[in-house]
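Reviewing the structure listed below.
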Amino acid sequence: MKSIYLVLDMQNDLVHADGASGKGPLGEQVRAREIIARTATAIARARAEGIPIAFVRVAFSDDHREANPNSQVFGPIAKNGILKMNAWGGQVHEALAPQDGEWDIVKHRVSPFYQTRLELLLKREGIERIYCSGVSTQAVVQATVRDAHDRDFDVVLLEDCCASPSAQEHENSVASISRFCSVANSELAFT
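Using UniProt numbering, read the sequence shown as starting at 1 and increasing by one per residue.
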């Protein structure tokens, strides 16, 4: 079965210790769960198995024109000036080092399938299985799992490479979506 690994929203503003969210509860969970190191190892394992990598980023123009100012999620992003597409905060964390030829999917909403080229590229490449992980479990990870499931992809969640602002939110989210995907440990997923 042809597969891909979607690395979801692992951007500096969200996961780096100096990022906007990296200084708060989400950053604390990212560090406590060793999400960056685990994700880097999962990426290396996928590459070694010949599984392509796609980096999904939530990012906006400098003026945040794509962000809904009335959204509980995107309004504060625009107000705080974070997740700018071409700025440090909107880039993938350097420890995850995207390589030439790997996909960069930019989204302006929670789901990576909403008004992006992701589904078109997956279908063109004949992808049947999606491995995924990232932050936050209750947002982009849940949306990805549910939307991929409804598009008839086999979905494998790398649970140990995901985090939310609290351990409880993460556990609740995994329990909620586990009927739409397989839940795996990244150490065993690509073998």
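Just so you know, even glycine gets a beta-carbon here, dropped at the ideal spot from N, CA and C.
Please determine, among the options, the residue with the shortest C-alpha to C-alpha distance to residue i.
i, options, result
"L26", "S61, D9 and R65", "D9"
"S21", "I82, I35 and L122", "I82"
"residue 251", "S166, G19 and H93", "No statement about residue 251 is possible, as the shown extent of the chain runs from 1 to 191 and does not include it."
"residue 193", "S71, V7, G50 and F60", "Residue 193 cannot be examined here, being either before or after the span of the chain that is shown, 1 to 191."
"V58", "F180, V156, Y131 and A143", "A143"
"G50", "R151, E102 and V110", "E102"
"E169", "S136, A78 and E187", "S136"
Which class does residue i belong to by DSSP, given the choice of helix, strand or coil?
i, result
"K84", "strand"
"A54", "strand"
"V174", "helix"
"C161", "helix"
"V7", "strand"
Do the CB positions of residue i and residue j come within less than 7 Å of each other?
i, j, result
"S182", "C161", "no"
"A163", "R45", "no"
"R117", "M1", "no"
Quick check on the DSSP output: the alpha helix (DSSP H) that includes residue i runs from which residue to which?
i, result
"N186", "Per the sequence shown, the amino acid found at residue 186 is Ser instead of Asn. Start and end: S186 to A189."
"K123", "L118 to R124"
"V73", "Per DSSP, V73 belongs to no alpha helix (DSSP H) and is neither H nor E."
"A143", "Q142 to D150"
"R31", "P25 to A32"
"A40", "I35 to A48"
Under 6 Å: does the beta carbon of residue i sit that close to some heavy atom of the ligand NAP?
i, result
"G22", "What this structure holds is no ligand at all, so the ligand NAP is not there to describe."
Hey, could you find the ends of the beta strand (DSSP E) residue i is sitting in?
i, result
"V155", "D154 to L158"
"I130", "R129 to G134"
In the DSSP output, which residue or residues are listed as bridge partners for residue i?
i, result
"D104", "F55"
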